[in-house]
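Numbering (this note's numbering), first residue to last: 30 to 113.
This is the structure we're talking about:
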């Protein structure tokens with residue numbers, strides 16, 4: 030996974046919006062190559078990809094719940110103030 034680390038570092042240094050799609054493609058190609066070199070088969074890579082999506086989905090959900098929870102007290106206070 031040395032190649033992956035080098036690729037991630039290079040992409041961080043080039044954090045330019047206009048090159049982001051190209052960076053993502055390069056990152057994916059290098060990650061895929063590293064996974065193959067580590068002996069992962071098609072099924073392993075699909076399972077890993079599914080788990081990454083599940084982790085991202087859960088992270089988004091947790092962050093959204095925190096935002097809603099942070100907004101809830103002020104919304105309740107505003108409703109109470111309007112009802113008076």
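Built from N, CA and C at the ideal position, the CB exists for glycine as well. Only a predicted model underlies this, so the values are computations on that prediction, with no experimental measurement involved.
Asked, Found
"Residue 70 (DSSP reduced to helix, strand or coil)", "coil"
"Cβ contact check for the region 53-70 and the region 79-94: 3 or more pairs under 8 Å", "no"
"Beta-carbon gap between residue 36 and residue 56 smaller than 7 Å", "yes"
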